[in-house]
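The UniProt record's numbering puts the first residue of the sequence shown at 1, with every later residue one more than the last.
Just so it is clear, CB atoms sit at the ideal spot from N, CA and C, and this is done for glycine as well.
Bear in mind the structure is a predicted one, so any value in this text is a computation, not a measurement.
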Amino acid sequence: MTLDPFYLIVDSADQAARLVPLGVRLVQLRIKDENEARLRGEIRRARDICEAHGCTLVINDHWRLAIEEGCRFVHLGQEDLASADRSAIERAGLRLGLSTHDEEELETALAAGPDYVALGPIWPTILKTMPWAPQGLERIAEWKKRIGDMPLVAIGGLNPARAPGVFAHGADIACVVTDIALNADPQARTREWIAVTRERRERLARETAR
Numbered sequence: 001m002t003l004d005p006f007y008l009i010v011d012s013a014d015q016a017a018r019l020v021p022l023g024v025r026l027v028q029l030r031i032k033d034e035n036e037a038r039l040r041g042e043i044r045r046a047r048d049i050c051e052a053h054g055c056t057l058v059i060n061d062h063w064r065l066a067i068e069e070g071c072r073f074v075h076l077g078q079e080d081l082a083s084a085d086r087s088a089i090e091r092a093g094l095r096l097g098l099s100t101h102d103e104e105e106l107e108t109a110l111a112a113g114p115d116y117v118a119l120g121p122i123w124p125t126i127l128k129t130m131p132w133a134p135q136g137l138e139r140i141a142e143w144k145k146r147i148g149d150m151p152l153v154a155i156g157g158l159n160p161a162r163a164p165g166v167f168a169h170g171a172d173i174a175c176v177v178t179d180i181a182l183n184a185d186p187q188a189r190t191r192e193w194i195a196v197t198r199e200r201r202e203r204l205a206r207e208t209a210r
């Protein structure tokens with residue numbers, strides 16, 4: 001499976017509406033602690049925005065709503081994976097991305113047969129309090145050897161200047177949250193990320209066309 005090397009995480013359909021049309025091709029909708037009605041509305045709107053712009057939408061955590069709203073991709077953390085109905089996810093044909101932070105979690109993730117594995121945090125992050133120390137670039141190389149051709153997503157503390165090192169050590173995808181969300185000009189920063197990952201995107205397109 002080929003996924004865009006720039007993976008944006010947004011916390012609302014409004015943010016998706018502002019950034020996806022700039023050329024984003026892979027976006028995760030990550031909303032915590034909202035009631036089901038609001039979540040459903042956000043998912044529907046983000047789904048429609050992404051479909052209109054040729055962008056792959058990934059729903060964080062809410063796999064039931066993703067199935068009910070006709071989404072095609074869900075991302076789960078380890079706790080969510082443990083409680084999720086994997087049979088229902090498989091029957092619905094949902095693609096699956098999983099978070100990992102250590103060897104045990106990687107083993108658990110690989111046993112679930114995901115479509116990508118995410119590793120983080122690569123650098124310190126202010127997104128949330130993490131019980132894990134920063135993974136560093138060398139851990140990316142270790143994870144890539146373990147998972148082979150499966151896409152590897154690097155997340156945590158990334159910025160455009162760090163992107164080349166992440167890719168050089170084996171990551172297929174750079175996932176970005178606060179570097180854009182907290183930027184004074186999120187649109188300009190998004191365009192910068194699209195430009196930084198353009199060479200990898202074009203190479204993937206050539207390889208897919210062969």
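Check: Cβ distance (whole Å) where D4 is taken to contact R25 below 8 angstroms; Outcome: 4 angstroms
Check: Distance between E105 and E79 (C-alpha atoms, nearest Å); Outcome: 10 angstroms
Check: L96 to F73 span [Cα, whole Å]; Outcome: 6 angstroms
Check: For V153, the residue or residues it bridges with in DSSP; Outcome: A118 and I173
Check: Cα-Cα separation, G54 to L204; Outcome: 16 angstroms
Check: Start-to-end residues for the alpha helix (DSSP H) that takes in Q135; Outcome: First-last for Q135: undefined, no H or E at that position.
Check: Reduced DSSP category for L8 - H, G, I as helix; E, B as strand; rest coil; Outcome: strand
Check: Delimiting residues of the beta strand (DSSP E) encompassing I31; Outcome: That residue, I31, is in no beta strand (DSSP E); it is neither H nor E in DSSP.
Check: DSSP three-state assignment for residue 296, whether helix, strand or coil; Outcome: The structure shown does not extend to residue 296, since the chain is modelled only from 1 to 210, so the question has no answer here.
Check: R25 (DSSP reduced to helix, strand or coil); Outcome: coil
Check: Euclidean distance between Cα positions of I147 and V58; Outcome: 21 angstroms
Check: A141 beta carbon less than 8 angstroms from that of A154; Outcome: no
Check: Nonlocal neighbours in the same chain, by C-beta distance under 7 angstroms from R189, ignoring five residues either side; Outcome: D179, I180 and N183
Check: Spatial neighbours of R198 in its chain, beta-carbon cut-off 8 angstroms, leaving aside the 5 residues before and after; Outcome: none
Check: W132 beta carbon less than 8 angstroms from that of V102; Outcome: As written in the sequence, residue 102 is Asp, which differs from the Val given in the question. Yes, Cβ-Cβ distance for D102 and W132 is below 8 angstroms.
Check: Between the CA atoms of I89 and I67 - distance to the nearest angstrom; Outcome: 8 angstroms
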